[in-house]
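Undergrad:
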Amino acid sequence: MTDVVTDPLTTLAASFPSDFVFGAATAAYQVEGAVREDGRTPSIWDAFSHEPGRVANGDTGDVAVDHYHRMTSDVELMSDLGLGAYRFSISWPRLQPGGSGPVNTKGLAFYDRLVDTLLDRGVAPWATLYHWDLPVELEEAGGWPARDTAERFAEYAGIVADALGDRLHGLITLNEPWCSAFLGYGNGIHAPGRTDGAAALAASHHLLLGHGLAAQAIRAAAPETPLGITLNLYPTSPALPEGYDGPDRAAYDDAVRRVDGLCNRWFLDPVFGRGYPADVVEDVRPTSSLEFVHDGDTELIAAPLDFLGVNYYTRHMVAPGAYPGTASVEFRKRGWPTTAMGWEVDPDGLYDVVRRVHDEYPALPIYLTENGAAYEDVVSADGQVHDVERLAYLKSHLEAMARLAADDVAVAGYFAWSLVDNFEWAEGYAKRFGLVHVDYDTQLRTPKDSARWYASLMAAHRSGILGA
Ligand code: IFM
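Heads up: the sequence shown begins at 30 in my numbering, then just goes up one per residue.
#1: Give me the residue from GLY172, GLY457, HIS490 with the minimum Cα distance to ASN86.
#2: When the Cα atoms are used, what is the spatial distance from MET430 to THR259?
#3: Quick one: which unbroken alpha helix (DSSP H) runs of 4-plus residues sit fully inside the region 415-475? Chain order, please.
#4: For ligand 1, is there any heavy atom lying closer than 6 Å to the beta carbon of GLU373?
#5: Would you mind stating whether ALA251 and ALA190 have Cβ atoms separated by less than 7 Å?
#6: Threshold first: 4 residues or longer. Then list the alpha helix (DSSP H) segments lying entirely within the region 259-301, N to C.
#7: Figure out for me which residue from GLY304, LEU236, LEU420 has the closest Cα to the Cα of GLY213.
#8: Alpha helix (DSSP H) containing GLU311: first to last residue?
#9: Kindly examine ligand 1 and report whether one of its heavy atoms sits closer than 6 Å to the Cβ of ALA56.
#10: Taking all protein chains shown into account, decide if GLY194 is buried (16 or more other Cβ within 10 angstroms of its Cβ) or exposed.
#11: Look at the alpha carbon of PHE444 and the alpha carbon of THR146, and state the distance between them as a whole number of angstroms.
#12: If THR157 sits next to LEU230, beta carbons under 8 Å apart, how far is it from one beta carbon to the other, in whole angstroms?
#13: What is the rounded straight-line gap between the Cα of GLY371 and the Cα of ALA403?
#14: With which residues is ILE201 paired in a DSSP beta bridge?
#15: Would you mind working out which of HIS96, THR202, TRP121, GLY226 sits nearest LEU167, comparing C-alpha positions?
#16: Beta-carbon separation of PRO174 and ALA228 under 7 Å?
#17: For the beta strand (DSSP E) containing ARG361, list its first residue and its last residue.
#18: In the DSSP assignment, find the unbroken alpha helix (DSSP H) run with SER72 in it and report its ends.
#19: Comparing the CB of GLU569 with every heavy atom of ligand 1, is any distance shorter than 6 Å?
Given below as structure tokens:
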């Protein structure tokens, strides 16, 4: 008998199902630029990033990586890398200026061309409807804390589904509603920069309601389009040694319950038809009595979906706050290696969080719609970016995906965040997440070593399917 020797990359590629989707993701405000062109109106991120002190270094998305003008060559780059899918987001104020009224034909034409160019190049288009760029007019009318924003969102969703739905391989209503609600309206580090706990809770509900109403509009306009929502989920663990059972253990477990409650279950439970978790409703009662939840809302939010999108970056390690008996919680570190965002690298956390969704919620195919890492990249004398740490991050997290697949968890795809370096919200351009390096002076794109490794993995997966 002859031993067949396979290299580790081929072995990893072979551990994914043949129809597994390998892709990369971006979002409109982070890459497009061209913020005043072809009828686009400002979003809350245009307004916020132009307010002094909001974004590191005063950076804005005015130019970003100029993807609006470089779309064709960017798609060529995707195709050269062998990407199976590209997840982009649609800028609401580019498609429907002001967030109400007729479609902007020039804005729509851009996304129409993007979708067709991707399809021509064999890259499956996946669109997200809301990746944080609310038209400023809607914020002035109350923003996400106002119920009407959910109705406006559904109207916009119907327009997109009608125009593009027949060609999209995936349509995602919201990206990370936790961030929109709690970073945008709670601690104010994201647009629109409000700091009002009650408004943040109302925003979280109206985002989910908007998701449910949008799902109805999408099903009506494009019944065949695979539909989902993307949640940023965090495995949450007590910041205690393994097996610790001291008298304060219960306080740690309660801190875990609270953080898991507001970050994960607050979104997972209603989306999967369970309504808001009763313990979290009690936790938030001092801030809000949730009077904005109307009869019938929970049924709308539980609209049937075709897949769940999960974004995973790190694990939360939590402890009770400094004042015993209060509801405060502290986030701790374990001293593990971190990315440039200060997030601990924990690939097992990816396994744990997806496994938990699989074990505790009704079965739906799960796509990792974002996973990636920022590092201090250096362009070497050879003109290349040897991003050893990002490559290791990518590999270890894809290995976790492979373990999930081996354990019969229905993982259906993986989108690296991000295709290119881009505008990292409050961090501006200082944090680079791209597989492809961007020189912000010249807009030159250079695939990093991580991109080449990912390209080899995708090629090995394709040749495995062809050879099978
Ligand atoms: O850049 C963001 C993205 O827009 C949403 N998810 C997290 C990424 C990294 O912070």
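In this text, a Cβ means the ideal position worked out from N, Cα and C, and glycines have one as well.
TA: In this structure, then:
#1: Numbered from its first residue, the sequence shown carries residue 86 at position 57. Measuring from the Cα of ASN86, the nearest candidate turns out to be GLY457.
#2: Here residue 430 refers to the residue found at position 401 of the sequence shown. Here residue 259 refers to the residue found at position 230 of the sequence shown. When rounded, the distance between both Cα atoms is 17 Å.
#3: 417-435
#4: To locate residue 373, count along the sequence shown from 1; it is residue 344. The answer is no for GLU373.
#5: In the sequence shown, the residue the question calls residue 251 occupies position 222. In the sequence shown, the residue the question calls residue 190 occupies position 161. A contact, by the Cβ cut-off of 7 Å.
#6: 278-289, 295-300
#7: Taking the sequence shown and counting its residues from 1, the one referred to as residue 213 is at position 184. Answer by Cα proximity: LEU236.
#8: Counting from 1 along the sequence shown, the entry for residue 311 is found at position 282. GLU311 -> alpha helix (DSSP H) spans 307-313.
#9: Taking the first residue of the sequence shown as position 1, residue 56 is located at position 27. Yes, the beta carbon of ALA56 sits closer than 6 Å to at least one heavy atom of ligand 1.
#10: Translated into the one-based positions of the sequence shown, residue 194 becomes position 165. The residue is buried, with at least 16 neighbouring Cβ atoms inside 10 Å.
#11: If you number the sequence shown from 1, residue 444 lands on position 415. If you number the sequence shown from 1, residue 146 lands on position 117. In a straight line, the C-alpha of PHE444 is about 19 Å away from that of THR146.
#12: In the sequence shown, residue 157 corresponds to position 128, counting from 1. In the sequence shown, residue 230 corresponds to position 201, counting from 1. 23 Å between Cβ atoms; not a contact.
#13: As a first step, residue 371 must be located in the sequence shown, where it is residue number 342. As a first step, residue 403 must be located in the sequence shown, where it is residue number 374. Between GLY371 and ALA403, the C-alpha separation is close to 9 Å.
#14: Position 172 of the sequence shown, counting from 1, holds the residue named residue 201. The partner list for ILE201 (beta bridge, DSSP) reads THR157, GLY257.
#15: Residue mapping note: residue 167 aligns to position 138 of the sequence shown, counting from 1. That would be TRP121, whose Cα lies nearest to the Cα of LEU167.
#16: The sequence position of residue 174 within the sequence shown is 145, counting from 1. The sequence position of residue 228 within the sequence shown is 199, counting from 1. Yes, the pair counts as a contact, with Cβ atoms nearer than the cut-off.
#17: Here the question's residue 361 lines up with position 332 in the sequence shown. Counting along the chain, the beta strand (DSSP E) containing ARG361 begins and ends at 358-361.
#18: What you label residue 72 is simply residue 43 of the sequence shown in a count that begins at 1. Here SER72 belongs to no alpha helix (DSSP H), and DSSP marks it neither H nor E.
#19: No answer is possible for residue 569: the residues shown for the chain start at 30 and end at 497.
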